[in-house]
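A.B. asks: Heads up, the sequence shown is in UniProt numbering, so the first residue is 1 and it goes up one at a time.
The following block contains the structure, expressed as structure tokens.
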Amino acid sequence: MYKTRLGGCVDGVQSQLGYVETDASGRYGRFGEILGKGAMKTVYRAFDKVLGMEVAWNQVKLNDVFRSPEELQRLYSEVHLLKNLNHDSIMRFYTSWIDIDRRTFNFITEMFTSGTLREYRQRYQLVDMRAIKNWARQILQGLAYLHGHDPPVIHRDLKCDNIFVNGHLGQVKIGDLGLAAILRGSQHAHSVIGTPEFMAPELYEEDYNELVDVYSFGMCVLEMLTSEYPYSECSNPAQIYKKVTSGKLPEAFYRIQDEEARRFVGKCLENVSKRLPAHELLLDPFLASEEASPLPIPRVSSRKLTPDGPVRELAPSVEVDPTRSTDMSITGTTNPGDDTIFLKVQITDKDGHARNIYFPFDVVNDTAIDVALEMVKELEINDWEPLEIAEMIEEEISSLVPTWKDLGSSQVHHQHSFKYEDEEEDDDDDDDQTGIRHPFYATSSRSSSQVSIPTFLSSYETQFCHGKNVTSSCNWPQGMLIIAEDVFSNDD
């Protein structure tokens, strides 16, 4: 009963909402506003209606990428890598697909409100040292996470242009991992790629490890401290190459006024044999926090909406874990028209900021544990166990429908659509009983022919490449659009 609850024409809905296009599920809608544009991709503002938040819609024209197998491989590497990364200092990746009709490759990432760190630093010239330390600490934590993989992940093109900012949170994250390489089989990589001003000397020798990112990080901190691009005194890459390979630091290094900061940057720019790894640099006194102890987390009481509307207080059903970063409460209200209960999950962070997630619960067909598992996966809840959430759901459902466990459960479990709202938006709990079911719905409409990644690699290799690498060893057949592990017929 949780299938399509949207009626009417998809194009009409798109037009009404101001979308230029939507993904196949209708979950993501793209606007025409461009957030950024590079040689390969254009980034648009978009909206995720399930979580109720703005996201970044990254789009690549396959016809453009097809001209360069190397560019194609770099694009695929970025997306494939992002899918497997999960850290507060790494850009969050949500999903990807290929639109055959429009011949575009699309992937959704989190949106950053303040652009790149370089743009942000140029916009705000007067920045306290504590802010710079905070940025540096976050970036270094991200590098320690990447380098902690086995094999380690090397970014290879870390610079302030590839670090993104949420200015209202003071949050920075590493992005644009298209140049990153997972070292397989060997602890060294063998290709020169990156931005000359930020490249470690050993990168030019094509024999390096993850410490090249620490060098680039040092140049990022230098730029944060001085608002100067490293080696700005050089007029061409050849001059930069000569200085870097001879061990000469950029002139901006000597203009760092804070001695402790200059010493820290110098550590990052040491010869590779003396350069410390990211996890050790995190212990440096320069990065010691100068902030006061955080304020206690405001307690959000668990409140239940009864079918008749009044609110009563409930004691939390799960013991609070003091190490958790979030607090959670679950409340519900019944829909008199059918067997559905609408649940509201409120998740509150350490700063007291709350988000509300709404979804329906069918007392006949759903089980608490199935819904809890779905929540953990869909909402990326990391510090609550599914069994704990299921216990809260069961307690709330039982308070609304005491006999629900006796109703039995069918073998069919429905995929839920979770709607997200900020706390300040949750002022009106009145349900719309006029045909549109509350704000909880899922769509199965299609706006274009789209496929996921990967799909057709084996058939393509068998037919055209005979097991060879499609980006290097194989002659790419004309009339085919290829992206990493997918093949598309060109009907034009």
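Note that CB positions come from ideal geometry on N, CA and C, so glycine has one too.
On a predicted model such as this, the values are computed, not experimentally measured, just so you know.
What whole-angstrom Cβ distance do Ile341 and Phe361 have, given they're in contact under 8 Å?
C.D. replies: The residue given as residue 341 occupies position 341 in the sequence shown. The residue given as residue 361 occupies position 361 in the sequence shown. 5 Å between Cβ atoms; contact.
A.B. asks: In this structure, what does DSSP give as the bridge partners for Phe361?
C.D. replies: Taking the sequence shown and counting its residues from 1, the one referred to as residue 361 is at position 361. Looking at the DSSP assignment, Phe361 forms a beta bridge with Ile341.
A.B. asks: What are the boundary residues of the alpha helix (DSSP H) that includes Arg30?
C.D. replies: Start at 1 with the first residue of the sequence shown, and residue 30 comes out as number 30. From DSSP, Arg30 is part of no alpha helix (DSSP H) but of the beta strand (DSSP E) over 28-37.
A.B. asks: With three or more C-beta pairs closer than 8 Å as the rule, is the stretch 210-230 touching the stretch 102-121?
C.D. replies: The stretch 102-121 vs the stretch 210-230: in contact.
A.B. asks: Got a sec, what are the start and stop residues for the alpha helix (DSSP H) Val272 sits in?
C.D. replies: Taking the sequence shown and counting its residues from 1, the one referred to as residue 272 is at position 272. Note, Val272: premise wrong, no alpha helix (DSSP H); not H, not E.
A.B. asks: Excluding the five sequence neighbours on either side, which residues of its own chain have a C-beta within less than 7 Å of the C-beta of Leu269, listed in chain order?
C.D. replies: Taking the first residue of the sequence shown as 1, we reach residue 269 at position 269. Closer than 7 Å at Cβ, skipping near neighbours: Tyr215, Gly218, Leu249.
A.B. asks: Can the beta-carbon of His147 be found closer than 7 Å to that of Glu210?
C.D. replies: The residue labelled residue 147 in the question sits at position 147 within the sequence shown. The residue labelled residue 210 in the question sits at position 210 within the sequence shown. Contact: yes.
A.B. asks: Along the chain, where does the beta strand (DSSP E) containing Glu385 start, and where does it finish?
C.D. replies: Indexing the sequence shown from 1 puts residue 385 at position 385. First-last for Glu385: undefined, no H or E at that position.
A.B. asks: Taking 8 Å as the cut-off, does the stretch 36-48 touch the stretch 370-381 (at least 3 CB pairs, one atom from each stretch)?
C.D. replies: The stretch 370-381, when compared against the stretch 36-48, does not touch it at the 8 Å Cβ threshold.
A.B. asks: For Arg103, tell me which candidate among Glu33, Gln59, Tyr124, Asp88 has the shortest Cα-Cα distance.
C.D. replies: Here residue 103 refers to the residue found at position 103 when the sequence shown is read from its first residue. The option with the nearest alpha carbon to Arg103 is Gln59.
A.B. asks: Could you work out which residue in Gly38, Val153, Leu85 is closest to Asn162 when comparing CA atoms only?
C.D. replies: For the purposes of this step, residue 162 is identified with residue 162 of the sequence shown, where counting begins at 1. Asn162 has its Cα closest to that of Gly38, out of Gly38, Val153, Leu85.
A.B. asks: With DSSP collapsed to three states, give me the class of Thr226.
C.D. replies: For this step, residue 226 is matched to residue 226 along the sequence shown. Of the three classes helix, strand and coil, the one that applies to Thr226 here is helix, per DSSP.
A.B. asks: In the DSSP output, which residue or residues are listed as bridge partners for Gly332?
C.D. replies: What you label residue 332 is simply residue 332 of the sequence shown in a count that begins at 1. Leu343, per the DSSP bridge assignment.
A.B. asks: Consider the C-beta atom of Ser227 and the heavy atoms of the ligand ATP; say whether any pair is separated by less than 6 Å.
C.D. replies: With respect to the ligand ATP, the structure offers nothing, as it holds no ligand at all.
A.B. asks: On the DSSP bridge list, what partners appear for Ala56?
C.D. replies: Residue mapping note: residue 56 aligns to position 56 of the sequence shown, counting from 1. Paired residues: Arg45, Thr109.
A.B. asks: Could you tell me whether the Cβ atoms of Thr334 and Leu400 are closer together than 7 Å?
C.D. replies: Along the sequence shown, read from residue 1 onward, the residue named residue 334 stands at position 334. Along the sequence shown, read from residue 1 onward, the residue named residue 400 stands at position 400. Yes, these two residues count as a Cβ contact at 7 Å.
A.B. asks: Can you have a look at Asn63 and say buried or exposed, based on whether 16 or more other CB atoms are within 10 angstroms of its CB?
C.D. replies: Taking the sequence shown and counting its residues from 1, the one referred to as residue 63 is at position 63. Result: exposed.
A.B. asks: My output table needs one value for Arg324: the three-state DSSP class, helix, strand or coil.
C.D. replies: Mapped onto the sequence shown, residue 324 falls at position 324. Arg324: coil per DSSP, three-state reduction.
A.B. asks: Could you give the distance in angstroms between the alpha-carbon of Ile90 and the alpha-carbon of Asp284?
C.D. replies: In the sequence shown, residue 90 corresponds to position 90, counting from 1. In the sequence shown, residue 284 corresponds to position 284, counting from 1. C-alpha separation (whole angstroms): 22 Å.
A.B. asks: Is the separation between the beta-carbon of Leu140 and that of Leu281 shorter than 7 Å?
C.D. replies: Against the sequence shown, residue 140 aligns to sequence position 140. Against the sequence shown, residue 281 aligns to sequence position 281. Against a cut-off of 7 Å, the Cβ pair of Leu281 and Leu140 comes out as a contact.
A.B. asks: On the DSSP letters alone, give me the boundaries of the beta strand (DSSP E) that Val172 sits inside.
C.D. replies: To locate residue 172, count along the sequence shown from 1; it is residue 172. From DSSP, the beta strand (DSSP E) with Val172 extends over 171-174.
A.B. asks: In the DSSP assignment, find the beta strand (DSSP E) that holds Asn166 and state where it starts and stops.
C.D. replies: Position 166 of the sequence shown, counting from 1, holds the residue named residue 166. Note, Asn166: beta strand (DSSP E), 163-166.
A.B. asks: Within 10 angstroms of the Cβ of Gly170, are there 16 or more other Cβ atoms? Answer buried if so, exposed if not.
C.D. replies: If you number the sequence shown from 1, residue 170 lands on position 170. Gly170 is exposed by the Cβ-count criterion.
A.B. asks: The beta strand (DSSP E) spanning Tyr94 covers which residue range?
C.D. replies: Your numbering for residue 94 matches position 94 in the sequence shown. Residues 93-99.
A.B. asks: Within a Cβ cutoff of 7 Å, which residues of the same chain sit near Gly18, ignoring the five residues on either side of it in sequence?
C.D. replies: For this step, residue 18 is matched to residue 18 along the sequence shown. Closer than 7 Å at the Cβ level, and outside the excluded window around Gly18, lie Phe31.
A.B. asks: By Cβ distance, which residues of its chain are closer than 6 Å to Val272, with the 5 residues on each side in sequence left out?
C.D. replies: Residue numbering aside, residue 272 sits at position 272 when the sequence shown is read from its first letter. The answer, listed in chain order, is Glu202, Leu211.
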